[in-house]
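According to our numbering, the sequence shown is numbered sequentially starting from 52.
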Amino acid sequence: MKFNESAYKEEMIDQIKQLKKDCDAVILAHNYQRDEIQEVADLIGDSLELSRAAVKVQNQVIVFCGVHFMAECASILNPAKTVLLPVKEAGCPLADMVTPEKLREMKKKYPGVPVVCYVNSSAAVKAESDICCTSANAIKVVNALKEKRIIFIPDKNLGRYVAKHTDKEVILWEGFCATHINLTEEEVMRMKKLHPGAKFLAHPECRQEVLQLTDFIGSTSAILRYAKEQPDKDFIIGTESGILYRLKRDNPDKKFYLPSQHLTCANMKLTTLGWLTRSLKNMQYKVTVKDPILSRARRMLDRMLEVV
Ligand code: CIZ
52 MKFNESAYKE EMIDQIKQLK KDCDAVILAH NYQRDEIQEV ADLIGDSLEL
102 SRAAVKVQNQ VIVFCGVHFM AECASILNPA KTVLLPVKEA GCPLADMVTP
152 EKLREMKKKY PGVPVVCYVN SSAAVKAESD ICCTSANAIK VVNALKEKRI
202 IFIPDKNLGR YVAKHTDKEV ILWEGFCATH INLTEEEVMR MKKLHPGAKF
252 LAHPECRQEV LQLTDFIGST SAILRYAKEQ PDKDFIIGTE SGILYRLKRD
302 NPDKKFYLPS QHLTCANMKL TTLGWLTRSL KNMQYKVTVK DPILSRARRM
352 LDRMLEVV
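Structure representation (structure tokens):
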């Protein structure tokens, strides 16, 4: 008998829906997740939207389809809930580029300079910082601080982009997103030639040379909004491939082109319907953050949520 992929997928989705009811779970999925995970999720968003949602969740279980630091954020913001990350190995190379020890060394070099910590970081690093930010609110967060100098960790491209929108001196950390860094100027130029007139929208984690070619720079939520609101029909998209699911779903009359084959985050794509099913069945893998890191990291996320 021939394997019927769509029947298998439907069956798994039905099973996930039932398990979700049985365990009183809600599924949060990041904009970079696989299409089928976004399809089955209760809420899709960027880390700011999902963090805000995590605070308000009434269900007993939050299944976070994303990477480890995102599940950690949900647990920090709603510690009474069981937070599950379906794949234990789903990490973030950018988050791993800064450790609490290395950050403490940096702080010693710049005493009194506040640390703005991008959410793509571990809870332990957040706990060593002064305020968190996401790509959706980084400029607002930096400008809300009274100090004239700040340390921005760990993404140097986002930090550099923020520096262009503030009078403050921004001290950068040498970190980068292993996916966004792949996109080159040449690839964008090639795509622009193939689709003259298409608007180029990109994420601030891209290289500076790439950002210079943009019509719009923003977080995934901002890119989604922009593409929907603009009358244009053709867009070149400079961010992780998972965003195409919502762009296409919400704008069936528009066309979206990915300029590179290397815009797929392997960690984000680890979560499959199979792993999600197992996660709900076995209540795995629980992500928890303990005090004192919990309360310190919580303060940094709360400070961010007060600004935006
Ligand atoms: O803030 C996030 O969720 C990330 C990592 C990217 C974005 O812009 O959504």
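Even glycine gets a Cβ: it sits at the ideal position worked out from N, Cα and C.
Asked	Found
As an exercise, report each continuous alpha helix (DSSP H) stretch of at least 4 residues that is fully enclosed by the segment 258 to 302, in chain order.	259 to 262, 271 to 280 and 295 to 301
Work out the CA separation of Y59 and D304 for me, nearest whole Å.	30 Å
Could you tell me whether any non-hydrogen atom of ligand 1 is closer than 6 Å to the CB of S186?	yes
Can you list, in chain order, the residues of its chain with a C-beta nearer than 8 Å to that of D75? Leave out the 5 residues immediately preceding and following it.	N110, Q111 and V112
State the DSSP-derived secondary structure class of Y59, mapped to helix, strand or coil.	helix
Any idea if F227 is buried or exposed, counting beta-carbon neighbours within 10 angstroms, 16 or more meaning buried?	buried
With DSSP run on the structure shown, which of helix, strand or coil describes A80?	strand
Hey, would you say the C-beta of T323 is under 6 Å away from at least one heavy atom of ligand 1?	no
Output needed for L324: all residues of its chain with C-beta closer than 6 Å, excluding positions within five of it in sequence on either side, in chain order.	M63 and E87
Taking only three categories from DSSP, how would you classify A249?	coil
Nearest CA to the CA of G142: which residue from A317, A348 and D342?	A317
Name the DSSP bridge partner or partners of I95?	A80
With a threshold of 6 Å (Cβ to nearest heavy atom), would T230 be considered close to ligand 1?	no
Hey, how far is the Cα of E36 from the Cα of A189?	Nothing in the structure corresponds to residue 36, since the chain is present only between 52 and 359.
Under DSSP, the alpha helix (DSSP H) around E123 begins and ends at which residues?	H119 to L128
Do C116 and S102 have their C-beta atoms closer together than 7 Å?	no
Could you tell me if F54 is buried or exposed, where buried requires 16 or more neighbouring beta carbons within 10 angstroms of its beta carbon?	exposed
Give a single yes or no on whether S270 has its beta carbon closer than 6 Å to a heavy atom of ligand 1.	yes
Which residues share a DSSP beta bridge with D206?	G226
Cβ of P130 within 7 Å of Cβ of A229?	no
So which of N233, E90 and K71 has the shortest CA-CA distance to I294?	E90
So what does DSSP say about L135, is it helix, strand or coil?	strand
Taking all protein chains shown into account, do 16 or more other C-beta atoms lie within 10 angstroms of the C-beta of V193, making it buried, or fewer, making it exposed?	buried
Residues in its own chain within less than 8 Å of N208 by CB, not counting five upstream and five downstream?	F227, C228, H231, I232, P255, E256, C257, R258, Q259 and L262
Going straight from the alpha carbon of D206 to that of A146, what length do you get?	9 Å
Could you work out which residue in R300, Y296 and L327 is closest to T315 when comparing CA atoms only?	Y296
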